[in-house]
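Some notes on the structure that comes next.
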Ligand code: 4AD
Ligand code: MG
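Residue numbers (the working numbering): 2 to 462.
Structural data, given as structure tokens:
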């Protein structure tokens, strides 16, 4: 394969012929010279190709070029006399590979992110979305590295499933039945006998239940895959399809889990900070000037840890007029989470031991009978980035919890059965990958940190 722009720019010194293939981010034609900035997405910077009359194809090709054209350019790599780049290419031959229509929408001016979402097939060519996609890639690799350095086995959880892992009923149905087909059995109840799987199936909301199967055999596993929620939330932090990272550890309690979450986030942030320096510098300059300092802060500061009851006391004493009033027993809303992490503690915060009435059926019931061994990691600007818990590994308690939440035990038969055979205390969490990327890039809307956002009313591209 040819050298990428990234590799060319990383060379020790100028000299020799290079070939660069990519898209023109900017083009400037002056009287006798044309300046082409070619990007291939391999790094934030483009490579400047300077062409004069001596360049083959100057009149017929170079002088006709405009932003967005795909080109192949050759020339000598020389030290750049201009500011802002170490090297440039003294162009000897430029070929147009793919031209652009007059209506090419990405011009040099700044475009709104709302507009860019309507052209998601072209937006990866913008500085911002290109940088987001590279940060996603590096963060994803850093996550896999962390787990492999710590003896975890990656488990591939299914996407199509019968079980509602969160018990919240926010699932997308998967069916091959024709619309309008309303199958009923002889008693008039819905029947799925004619459907593909012979049972009602859904897109998974979480790989956790399967990860628990893995942990109770391989001790430390993690999943990293797409998850789906049919919740009608049109917010800047919710997607209907998002990627989740879910480690699950056998012989682990809530404290051990909180330690893992903290080590994990610190490691991933450190790697991304080191490997994406140019992209992050761009976000810090153009999107949110706290990006670099807040990443450094996550790496350096020990996370604060409090339990839910203490969090409620702090919120009640805050004197704030929250939209959702706080008292013991209510779920914390984004405004409460942000007050705690951004204003009160000013650092990442782990809140543990939530009331059992607001949490999922699988969480470990604490001795106080009121709370469960749940844990949320909150960070400034985002609020909840991780949700996890110690799991209920006692069969009788789990059966009672399913009944309390009016969930049918038959649907969870294997999950219960797992508690009958070699059950051990275990714990795990889920990190919302897009929320992590939002925090790292400072991007305000979660739709702009995923290449193809899925939100209520829109699944285009
Ligand atoms: O807190 P949640 O719902 O936890 C679970 O799904 C557990 N089964 C995880 C586990 O223990 N293995 O989701 C986990 C994280 C949240 O903290 C949030 O970062 C993210 O997933 N998340 C979303 N991200 C984008 N869009 C949504 N609609 C999200 N819902 C949750
Ligand atoms: Mg949660």
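From the three backbone atoms N, C-alpha and C, an ideal C-beta is built for every residue, glycine too.
{"Check": "Looking at the ligand 4AD, does it come within less than 7 angstroms of residue 435, judged from the CB to the closest heavy atom?", "Outcome": "yes"}
{"Check": "Quick one: what does DSSP say residue 459 is sitting in, helix, strand or coil?", "Outcome": "strand"}
{"Check": "Report the partner residues of residue 406 according to the DSSP bridge assignment.", "Outcome": "Looking at the DSSP assignment, residue 406 forms no beta bridge with any residue, so it has no partner."}
{"Check": "Would you say the beta carbon of residue 338 is closer than 7 angstroms to some non-hydrogen atom of the ligand MG?", "Outcome": "no"}
{"Check": "Can you list, in chain order, every residue whose CB sits closer than 7 angstroms to a heavy atom of the ligand MG?", "Outcome": "377, 385 and 388"}
{"Check": "Can you look up residue 30 in the DSSP assignment and give me helix, strand or coil?", "Outcome": "strand"}
{"Check": "Between residue 230 and the ligand 4AD, is there a pair consisting of the residue's CB and a ligand heavy atom that are separated by less than 7 angstroms?", "Outcome": "yes"}
{"Check": "Where does the unbroken beta strand (DSSP E) through residue 334 begin, and where does it stop?", "Outcome": "First-last for residue 334: undefined, no H or E at that position."}
{"Check": "Any heavy atom of the ligand 4AD within a distance shorter than 7 angstroms of the CB on residue 245?", "Outcome": "yes"}
{"Check": "Is the beta carbon of residue 38 within less than 7 angstroms of some heavy atom of the ligand 4AD?", "Outcome": "no"}
{"Check": "Can you give the beta carbon distance from residue 72 to residue 39, rounded, assuming they're within the 8 angstroms contact cut?", "Outcome": "6 angstroms"}
{"Check": "Look up residue 276 in the DSSP assignment and say whether it is helix, strand or coil.", "Outcome": "helix"}
{"Check": "Only counting the same chain, and skipping five residues up and downstream in sequence, which positions put a Cβ closer than 7 angstroms to that of residue 123?", "Outcome": "106 and 107"}
{"Check": "Would the C-beta of residue 447 count as close to the ligand 4AD, meaning under 7 angstroms from any of its heavy atoms?", "Outcome": "yes"}
{"Check": "Entirely within the stretch 245-318 and at least 4 residues each: give me those alpha helix (DSSP H) ranges in chain order.", "Outcome": "255-276, 278-287, 292-301 and 309-318"}
{"Check": "Spatial neighbours of residue 464 within its chain, please: CB distance less than 6 angstroms, with the 5 preceding and 5 following residues excluded, ordered by chain position.", "Outcome": "What the structure shows of the chain is the stretch from 2 to 462, and residue 464 is not part of that stretch, so it cannot be assessed."}
{"Check": "Kindly examine the ligand 4AD and report whether one of its heavy atoms sits closer than 7 angstroms to the Cβ of residue 362.", "Outcome": "no"}
{"Check": "Please report the distance separating the alpha-carbon of residue 206 from that of residue 390.", "Outcome": "16 angstroms"}
{"Check": "Looking at residue 37 and residue 1, is the spacing between their C-beta atoms short of 8 angstroms?", "Outcome": "The question about residue 1 has no answer here: the residues shown for the chain are numbered 2 through 462."}
{"Check": "Beta carbon of residue 140, beta carbon of residue 299: below 8 angstroms?", "Outcome": "no"}
{"Check": "Starting from residue 57, follow its DSSP beta bridges and name the residues at the other end.", "Outcome": "94"}
{"Check": "What span of residues does the beta strand (DSSP E) with residue 377 cover, start to end?", "Outcome": "372-380"}
{"Check": "Going by the CB atoms, is the gap between residue 413 and residue 393 shorter than 8 angstroms?", "Outcome": "no"}
{"Check": "Going by the beta-carbon positions, is the gap between residue 144 and residue 269 smaller than 8 angstroms?", "Outcome": "yes"}
{"Check": "Got a sec? Which residues, its chain only, sit under 6 angstroms from residue 170 by beta carbon, not counting five neighbours each side?", "Outcome": "none"}
{"Check": "Roughly how far, in whole angstroms, is the beta-carbon of residue 388 from the beta-carbon of residue 335, given that I think they are within contact range, below 8 angstroms?", "Outcome": "Rounded, the Cβ-Cβ distance is 13 angstroms, inconsistent with contact."}
{"Check": "Does the stretch 408-424 come within contact of the stretch 372-380, defined as at least 3 CB pairs closer than 8 angstroms?", "Outcome": "no"}
{"Check": "For residue 450 and residue 130, I'd like the C-alpha separation in whole angstroms.", "Outcome": "7 angstroms"}
{"Check": "Between which two residues does the beta strand (DSSP E) holding residue 177 run?", "Outcome": "Neither: residue 177 is in no beta strand (DSSP E) and is coded neither H nor E."}
{"Check": "When every heavy atom of the ligand 4AD is checked, does at least one fall within less than 7 angstroms of the C-beta of residue 430?", "Outcome": "yes"}
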